[in-house]
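Okay, so here's the structure we're looking at.
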Amino acid sequence: MKVILGRYMDGGAWPDAITAFSGGKKAVGGVNLCGPAGFLSLMKEKLGLPVPDIHGSCRIAAWQSFLEKRLSVSTEEKGLFYAESFRADSWNTAKRLLQMRDELKSAGALEGDAAALNAYAEECTARDLPRLAECFRLEELHRKNPVPGQADLLRLVLDELRFLAEGTEPSFPPAAALSLVELATPERHWQKPWQEMFGLLRLCGTRVEELPSPALALPEPPTAEAISILPVFAKGGHVDLSAANLPEAAEALAAALRARFDEGSHGRTVILRAENSMELDGALERHGLPDTGCRNRSTARPFVQLLPLYLRLQLLPFDPENLRQFLLLPVSPLDAALRRNVLHALQHNEFAPWSDGFASWPKRWQEAFSEEEKTPLGQKQAAEWICPSRRVPVGSSIRCGDIVASAKKLELWAEKQARPPLPRTAELCRRLIAAVQSLSSDLSPLTFEKLLDAVLGEGENGAEQRPAAPWAVINNPGQLWGQVDTLIWWDFTDDGSALRDSSFWSDEEHLWLESRACPPADVALDRRARTFAMTAPFFFARRVITITPRFHGSEESLPHPLRALMPEERATRIRASSALLGRGEEEHPFFTPAGREKLSPPPPPSPWNEHKGRRLEAPKNISPSVLESLLACPAAWYFREVLGLDAEHTALSPEAVACGNLAHEIMEGLLREMPGTEDQRTPEELRGHILVRIAERVQDRAARLALPEYEVLRGNMADRLKRSFLTFRARLKKEGLIFLDSERTYRAELGGTTCTGRYDLMLGRKGSDVPCVVADMKWSRRKVYKEQIEEGRAVQLAAYGYLLAHGRRVLPGKNDEKGLAPPAPVRLENAWFFLLPEARIHASETPLEEHWQRVASEWDTLCADLEAGRLRLIRKEASAAQEEPSGGKTSDSENICTWCAYKRLCGRTSAKKDAMEEPA
Numbered sequence: 004m005k006v007i008l009g010r011y012m013d014g015g016a017w018p019d020a021i022t023a024f025s026g027g028k029k030a031v032g033g034v035n036l037c038g039p040a041g042f043l044s045l046m047k048e049k050l051g052l053p054v055p056d057i058h059g060s061c062r063i064a065a066w067q068s069f070l071e072k073r074l075s076v077s078t079e080e081k082g083l084f085y086a087e088s089f090r091a092d093s094w095n096t097a098k099r100l101l102q103m104r105d106e107l108k109s110a111g112a113l114e115g116d117a118a119a120l121n122a123y124a125e126e127c128t129a130r131d132l133p134r135l136a137e138c139f140r141l142e143e144l145h146r147k148n149p150v151p152g153q154a155d156l157l158r159l160v161l162d163e164l165r166f167l168a169e170g171t172e173p174s175f176p177p178a179a180a181l182s183l184v185e186l187a188t189p190e191r192h193w194q195k196p197w198q199e200m201f202g203l204l205r206l207c208g209t210r211v212e213e214l215p216s217p218a219l220a221l222p223e224p225p226t227a228e229a230i231s232i233l234p235v236f237a238k239g240g241h242v243d244l245s246a247a248n249l250p251e252a253a254e255a256l257a258a259a260l261r262a263r264f265d266e267g268s269h270g271r272t273v274i275l276r277a278e279n280s281m282e283l284d285g286a287l288e289r290h291g292l293p294d295t296g297c298r299n300r301s302t303a304r305p306f307v308q309l310l311p312l313y314l315r316l317q318l319l320p321f322d323p324e325n326l327r328q329f330l331l332l333p334v335s336p337l338d339a340a341l342r343r344n345v346l347h348a349l350q351h352n353e354f355a356p357w358s359d360g361f362a363s364w365p366k367r368w369q370e371a372f373s374e375e376e377k378t379p380l381g382q383k384q385a386a387e388w389i390c391p392s393r394r395v396p397v398g399s400s401i402r403c404g405d406i407v408a409s410a411k412k413l414e415l416w417a418e419k420q421a422r423p424p425l426p427r428t429a430e431l432c433r434r435l436i437a438a439v440q441s442l443s444s445d446l447s448p449l450t451f452e453k454l455l456d457a458v459l460g461e462g463e464n465g466a467e468q469r470p471a472a473p474w475a476v477i478n479n480p481g482q483l484w485g486q487v488d489t490l491i492w493w494d495f496t497d498d499g500s501a502l503r504d505s506s507f508w509s510d511e512e513h514l515w516l517e518s519r520a521c522p523p524a525d526v527a528l529d530r531r532a533r534t535f536a537m538t539a540p541f542f543f544a545r546r547v548i549t550i551t552p553r554f555h556g557s558e559e560s561l562p563h564p565l566r567a568l569m570p571e572e573r574a575t576r577i578r579a580s581s582a583l584l585g586r587g588e589e590e591h592p593f594f595t596p597a598g599r600e601k602l603s604p605p606p607p608p609s610p611w612n613e614h615k616g617r618r619l620e621a622p623k624n625i626s627p628s629v630l631e632s633l634l635a636c637p638a639a640w641y642f643r644e645v646l647g648l649d650a651e652h653t654a655l656s657p658e659a660v661a662c663g664n665l666a667h668e669i670m671e672g673l674l675r676e677m678p679g680t681e682d683q684r685t686p687e688e689l690r691g692h693i694l695v696r697i698a699e700r701v702q703d704r705a706a707r708l709a710l711p712e713y714e715v716l717r718g719n720m721a722d723r724l725k726r727s728f729l730t731f732r733a734r735l736k737k738e739g740l741i742f743l744d745s746e747r748t749y750r751a752e753l754g755g756t757t758c759t760g761r762y763d764l765m766l767g768r769k770g771s772d773v774p775c776v777v778a779d780m781k782w783s784r785r786k787v788y789k790e791q792i793e794e795g796r797a798v799q800l801a802a803y804g805y806l807l808a809h810g811r812r813v814l815p816g817k818n819d820e821k822g823l824a825p826p827a828p829v830r831l832e833n834a835w836f837f838l839l840p841e842a843r844i845h846a847s848e849t850p851l852e853e854h855w856q857r858v859a860s861e862w863d864t865l866c867a868d869l870e871a872g873r874l875r876l877i878r879k880e881a882s883a884a885q886e887e888p889s890g891g892k893t894s895d896s897e898n899i900c901t902w903c904a905y906k907r908l909c910g911r912t913s914a915k916k917d918a919m920e921e922p923a
């Protein structure tokens with residue numbers, strides 16, 4: 004058996020180049036290409052070594068529990084160098100100590116029996132090396148319940164090879180014959196334990212040879228003079244494609260690859276890219292080419308995200324954003340209809356669900372689960388997926404038993420599903436259960452999140468088997484070996500991952516370990532090995548195409564570290580925009596096809612406002628607010644409601660919506676309590692009462708506002724509601740009015756269209772139950788409400804007067820014709836806008852009938868326009884409908900257009916402000 008071994012060849016990458024057209028996994032029969040982890044796994048299999056595969060998260064969890072016990076029984080807790088760090092961050096401290104232990108284990112410093120480890124610990128203590136002394140003591144305790152990793156496997160392989168080499172006939176067992184190991188990375192660039200392994204392999208009869216490479220002649224570190232004489236630069240083989248950003252570069256590269264593929268001139272091509280190059284994959288798919296595999300990994304993200312989102316819902320304080328993301332996943336234990344219903348309920352009411360209070364849930368939430376085909380048991384089982392069994396206070400610890408129970412439930416569900424990626428979710432659940440079972444105490448929310456990150460690991464970007472493609476894909480230049488025609492280095496910029504001069508050990512610790520012939524990893528050697536790997540493309544490729552974006556998002560990109568060594572004057576530079584347009588001054592054979600078909604320009608579209616004589620669709624059902632927006636600008640309403648065009652306008656924030664709903668509910672409650680509590684509370688007592696009401700409702704109605712960062716907002720809201728209530732109560736006393744009712748819905752016919760409206764507050768005279776005033780509460784400071792009343796165009800208030808005078812009340816829980824109460828006409832005296840943030844009341848001085856006459860006239864005109872196929876842009880003012888005596892048109896001050904997001908559609912620019920109406 005032959006092995007090609009490189010320091011950076013772990014992961015499925017360059018081996019696919021040999022079988023690019025077959026899609027197979029193996030390169031050639033009897034040949035294996037691998038990196039350090041793959042080679043150790045191969046040796047473990049061939050030598051039959053008893054080392055279990057334990058995930059890194061399980062090892063960290065075991066060490067966290069191990070260190071916790073160590074600190075609890077140690078009499079020198081204050082003297083331990085990691086004690087204070089462990090109390091501050093137990094998970095990362097355990098992870099750091101485990102890395103230190105693995106480095107010592109790889110170097111051979113932790114070999115020997117318990118007596119030897121104790122002797123080393125005493126010697127380090129005497130030499131004032133407490134960290135090394137504690138590492139030896141920890142290793143002695145760790146052996147009682149070991150959690151081995153790659154370092155332990157490396158030492159076992161070395162011990163087994165040493166045993167074979169010292170035998171009478173040193174050789175591998177016949178079934179594990181290893182004849183040749185070819186090193187793609189020179190032997191001098193491997194750490195000392197690996198160099199020792201190569202020597203033992205030679206003693207066992209295995210040939211270990213370095214692959215011939217011109218790079219071996221480079222000085223260390225490489226110089227610009229040595230790089231400039233390489234054939235790829237001397238023959239003009241370096242092409243630099245610059246672009247403003249990655250999407251532009253991806254389009255230019257994909258178009259060139261499509262042309263080369265059609266011509267059959269792509270040759271042996273390799274694409275070097277990072278794991279998250281989504282822009283390149285999208286462009287390749289748009290040009291009908293196989294992608295590089297990034298999208299295959301991205302499709303697995305929902306199945307990876309399912310576990311953390313579900314656990315956060317069950318174990319952490321409720322966050323509406325977690326529930327929203329869980330419901331938006333394409334795969335979920337809940338059926339699609341139920342997810343839509345819950346999302347709709349969450350949009351209107353950010354309620355914090357928990358299972359024991361199912362009967363007390365808000366109406367929208369109960370309706371989401373009360374489907375006809377679901378039994379009460381089915382409703383309860385469905386609700387348990389998003390409802391914890393108990394309320395979770397902020398900052399409370401998480402019991403390990405709860406984590407195991409929740410993960411086990413998700414694992415059982417995932418195993419029963421037929422969708423292929425779901426077994427990955429079940430595997431993650433089992434990994435989490437194994438890690439939690441190693442812990443001995445409850446977890447804080449922060450440690451729980453770190454545990455989830457460690458369990459998921461690279462789950463989102465796990466390697467997927469790629470389909471057959473006309474080129475190979477690698478993600479590290481060290482995976483390249485052998486000659487290639489074209490290498491495409493995608494995103495040739497500095498990604499910030501350069502090695503730094505860092506080590507776990509001080510100079511004194513280094514010297515002591517070197518005196519024992521077990522020095523730790525050499526950081527400088529790692530840097531030289533990485534630099535050697537980065538130069539490989541310029542030795543093995545006849546043509547190197549580097550893709551260089553100027554910006555990554557909004558930040559300017561930094562040049563790649565190799566850029567300083569490359570002869571820039573010999574590079575052929577091409578702009579992506581020029582390559583896409585085929586400009587002759589920057590043509591290059593790879594990016595410009597021999598013949599480019601020129602398409603004729605498309606015929607111009609007909610104007611949108613060309614009158615086609617078709618009847619436009621009128622609304623079937625409206626409300627007072629919709630009627631107001633419809634009359635204000637019929638075109639904007641038609642674009643949004645009928646054509647479904649996205650206005651991309653700035654909507655209200657979730658906090659503003661939640662505050663408005665809370666303010667309406669609390670003000671209504673205060674008015675209902677008013678007859679029994681009038682003049683009994685001081686302003687401060689009233690404010691405290693309002694704060695209590697807010698605190699009670701945010702838990703169930705607006706969970707986001709219960710977070711500590713919204714405490715100031717809740718206080719300001721209580722102050723405003725206090726002022727508003729006192730102002731409203733004084734106005735009622737002055738007008739001789741009393742509060743009668745709230746939130747009643749009325750329905751009436753308006754020229755063949757059903758108009759349904761619900762008022763906020765109904766007021767009446769003392770001693771009478773007949774309503775006479777309607778108040779419409781607004782959580783807003785907009786001046787438009789005052790302007791509407793002063794100008795006599797308060798559409799919503801006029802609509803309320805029409806509904807009560809000509810409509811019928813809709814009974815609670817009914818929505819059909821049978822749910823309407825008998826006619827009981829009510830003539831309102833007035834209608835108010837009640838602005839809660841300002842504690843201001845705007846009352847109409849004009850009778851509501853006059854308001855409605857104008858609204859009805861505009862409505863009839865609108866219906867006639869729609870019938871004739873005309874779509875009005877903005878409402879005409881009475882003064883704007885007539886020309887001025889001079890013959891000119893109205894001034895800009897009389898133009899009430901708000902310049903909404905549809906201005907590009909209707910054409911109302913600054914040059915056309917005087918256009919009041921256009922046909923459609």
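The numbering of the sequence shown is the working numbering, which starts it at 4 and goes up by one. Note that the Cβ used here is the ideal one computed from N, Cα and C, for glycine as well.
Can you list, in chain order, the residues of its chain whose CB lies under 7 Å from that of residue i, leaving out five sequence neighbours each side?
{"i": "Val397", "result": "Pro320"}
{"i": "Ala168", "result": "Leu203, Leu206 and Cys207"}
{"i": "Leu101", "result": "Arg62, Ile63 and Trp66"}
{"i": "Arg830", "result": "Ala808"}
Output yes or no for whether 8 Å exceeds the beta carbon distance between residue i and residue j.
{"i": "Gln67", "j": "Leu442", "result": "yes"}
{"i": "Arg165", "j": "Leu203", "result": "yes"}
{"i": "Phe836", "j": "Tyr803", "result": "no"}
{"i": "Pro564", "j": "Asp497", "result": "yes"}
{"i": "Ala246", "j": "Ala579", "result": "yes"}
{"i": "Leu516", "j": "Pro523", "result": "yes"}
{"i": "Asp525", "j": "Gln308", "result": "no"}
So if DSSP puts residue i in a beta bridge, which residue, or which two residues, is it bridged to?
{"i": "Val487", "result": "Ala544"}
{"i": "Ala834", "result": "Val777"}
{"i": "Pro552", "result": "Ala246"}
{"i": "Pro610", "result": "Pro610 is not bridged to any residue."}
{"i": "Leu274", "result": "The residue you asked about is not Leu; residue 274 is Ile in the sequence shown. Val476 and Ile491."}
{"i": "His845", "result": "Phe836"}
{"i": "Lys72", "result": "Looking at the DSSP assignment, Lys72 forms no beta bridge with any residue, so it has no partner."}
{"i": "Ile760", "result": "At residue 760 the sequence reads Gly, which differs from the Ile that was named. Gly760 pairs with Tyr749."}
Among the residues of its own chain, which have a CB less than 6 Å from the CB of residue i, if the five just before and after it don't count?
{"i": "Asn479", "result": "Tyr11"}
{"i": "Met281", "result": "Cys297"}
{"i": "Tyr905", "result": "Ala639 and Phe642"}
{"i": "Gly27", "result": "Because the pLDDT of Gly27 is 36, which lies under 50, any placement of that residue in the model is unreliable, and the number read from its coordinates should be weighed accordingly. No residues qualify anywhere along the chain."}
Enumerate in chain order the residues of its own chain whose CB-to-CB distance from residue i is below 8 Å, with the five nearest sequence positions on each side excluded.
{"i": "Gly426", "result": "In the sequence under discussion, the amino acid at residue 426 is Pro, which differs from the Gly named in the question. Result list for Pro426: Ala417 and Glu418, in chain order."}
{"i": "Gly598", "result": "For Gly598, the predicted model reports a pLDDT of 49, less than 50, meaning its position is unreliable and no value from the coordinates is stated."}
Of all Cβ atoms in chain D, is any one closer than 8 Å to the Cβ of residue i?
{"i": "Val629", "result": "The structure shown contains no chain D; it is built from a single protein chain."}
Open item on the list: For the structure I just gave you, are there three or more beta carbon pairs, one from the stretch 4-14 and one from the stretch 185-198, closer than 8 Å?
Closed with: yes
TODO: Entirely within the stretch 144-195 and at least 4 residues each: give me those alpha helix (DSSP H) ranges in chain order.
DONE: 153-168
- [ ] Please determine if the stretch 758-776 and the stretch 621-629 are in contact, where contact requires at least 3 C-beta pairs separated by less than 8 Å.
- [x] yes
TODO: Examine the Cβ distances between the stretch 532-551 and the stretch 219-232 and report whether three or more of them are shorter than 8 Å.
DONE: yes
Open item on the list: Does the contact criterion of 3 or more C-beta pairs under 8 Å hold for the stretch 321-336 versus the stretch 442-455?
Closed with: no
Task: the stretch 473-488 touching the stretch 268-284, judged by at least three CB pairs closer than 8 Å - done: yes
Open item on the list: Assess contact between the stretch 542-557 and the stretch 239-254, defined as three or more Cβ pairs (one per stretch) separated by less than 8 Å. Is contact present?
Closed with: yes
Task: Any 3 or more C-beta pairs closer than 8 Å across the stretch 783-797 and the stretch 733-740 - done: no
Open item on the list: So, does the stretch 720-737 touch the stretch 693-710, judging by three or more C-beta pairs under 8 Å?
Closed with: yes
Task: Inside the stretch 629-672 only - alpha helix (DSSP H) runs reaching at least 4 residues - done: Runs of the alpha helix (DSSP H) inside the stretch 629-672: 637-640.
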